[in-house]
Ligand SMILES: [Zn+2]
Ligand SMILES: [Zn+2]
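Residue numbers (this note's numbering): 234 to 566.
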């Protein structure tokens, strides 16, 4: 099969993904083989490729927002009939036995595997995944529309949940990439007022189009104090700036898997019961709940589609604020 292979972490400017032929995988016990149609491009892929996340498997095929059709069932697999349209997301598997899994926090599992990081991902014509960790994709979304729902969408949704934002609340977004452009649609659906702080003028424009009450630069003060804010950009210097915009008791959620160092800041910024918390992965329930909500709203994805062979180009564009909405690789069809 055709795949984009990472042999060793390197800066994306060096175009480290090799578009090549590799053997197609075959499904193990409880797994399905999925013919990939589209795979979303996520900032986490960039962190994997550039080595900001320590490699867990090399060479590795990145990609964890995978939409395709079940082509084959491994022994014991029968949840999805052949031909079902399914999605494969970041959490490839959790052990189900650790203290976190047993208490409904499988996103924090002690022994997880991650798609496109510890096992091969969806920048390829085929992928295998445990059927228990695969999602049914709602009708009404094309493959390209559905792919970014699987990480940008789900993580944005979990970030919203952890922010504790309530209807009629005031919510700040820092960074306005793929996750934010989905999360704002959910937030607006909940009648939340959104303020978008982002350095890129095109992203500010998209935020306003999607219903933001205000859009400005990363360090510009929104017109009102915020009940909560979500930092999507991987830049630690945003944390004190965003804290300064929170009302007393406000919540700051850090939505990324990686962030540059956070500068020290005065305790005054945190005092008065403000909170900071990160988001790590997601549970299957987050994914299932989000996909239901996404179909109800329905979410409209802004996508920029690239052929699989152009994954390096898509990732370079992502790194340079060149993507409006979400980048998606068209793999088959
Ligand atoms: Zn576990
Ligand atoms: Zn992701």
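Using N, Cα and C, we set each Cβ at its ideal position, and we do this for glycine too. Note that the coordinates shown come from a computational prediction; the quantities given were computed from them, not determined experimentally.
Could you tell me if residue i is buried or exposed, where buried requires 16 or more neighbouring beta carbons within 10 angstroms of its beta carbon?
| i | result |
| --- | --- |
| residue 426 | buried |
| residue 348 | buried |
| residue 557 | buried |
| residue 479 | buried |
| residue 390 | buried |
| residue 435 | exposed |
| residue 521 | exposed |
| residue 346 | buried |
| residue 407 | buried |
| residue 497 | exposed |
| residue 488 | buried |
| residue 336 | exposed |
| residue 295 | buried |
| residue 316 | exposed |
| residue 403 | buried |
| residue 356 | buried |
| residue 311 | exposed |
| residue 519 | buried |
| residue 539 | buried |
| residue 326 | buried |
| residue 358 | buried |
| residue 253 | exposed |
| residue 442 | exposed |
| residue 450 | exposed |
What does DSSP give as the partner residues of residue i in its beta bridges?
| i | result |
| --- | --- |
| residue 398 | Answer is none; residue 398 lacks a bridge partner. |
| residue 405 | 428, 462 |
| residue 511 | 487 |
| residue 559 | 536 |
| residue 268 | 302, 359 |
| residue 321 | 299, 367 |
| residue 479 | 459 |
| residue 423 | Per DSSP, none; premise fails for residue 423. |
| residue 251 | 238 |
Between the options, which lies nearest to residue i when the distance is taken from Cα to Cα?
| i | options | result |
| --- | --- | --- |
| residue 274 | 547, 564, 554 | 547 |
| residue 309 | 265, 296, 287 | 265 |
| residue 456 | 388, 442, 477 | 477 |
| residue 537 | 303, 404, 364, 377 | 377 |
| residue 490 | 511, 433, 238 | 511 |
| residue 363 | 250, 382, 526, 517 | 517 |
| residue 259 | 353, 242, 545 | 353 |
| residue 388 | 307, 251, 324, 239 | 324 |
| residue 535 | 381, 553, 541 | 381 |
| residue 453 | 433, 312, 415, 279 | 433 |
| residue 552 | 278, 241, 240, 237 | 278 |
| residue 424 | 439, 358, 400 | 400 |
| residue 281 | 262, 261, 249, 460 | 249 |
| residue 471 | 416, 515, 525, 405 | 405 |
| residue 495 | 339, 483, 475 | 475 |
| residue 504 | 492, 485, 493 | 485 |
| residue 550 | 240, 246, 239 | 246 |
| residue 268 | 299, 421, 507 | 299 |
| residue 483 | 506, 469, 303 | 506 |
| residue 379 | 334, 320, 462, 340 | 320 |
What is the C-beta distance between residue i and residue j, in whole angstroms, given that I count them as a contact (C-beta under 8 Å)?
| i | j | result |
| --- | --- | --- |
| residue 257 | residue 234 | 4 Å |
| residue 276 | residue 467 | 7 Å |
| residue 437 | residue 429 | 7 Å |
| residue 351 | residue 305 | In fact, because the Cβ distance is near 22 Å, the residues do not count as touching under 8 Å. |
| residue 559 | residue 411 | 4 Å |
| residue 384 | residue 322 | 6 Å |
| residue 541 | residue 526 | In fact, because the Cβ distance is near 29 Å, the residues do not count as touching under 8 Å. |
- Assess, as a yes-or-no matter, whether the stretch 393 to 413 is touched by the stretch 525 to 533 under the definition of 3 or more beta carbon pairs within less than 8 Å. no
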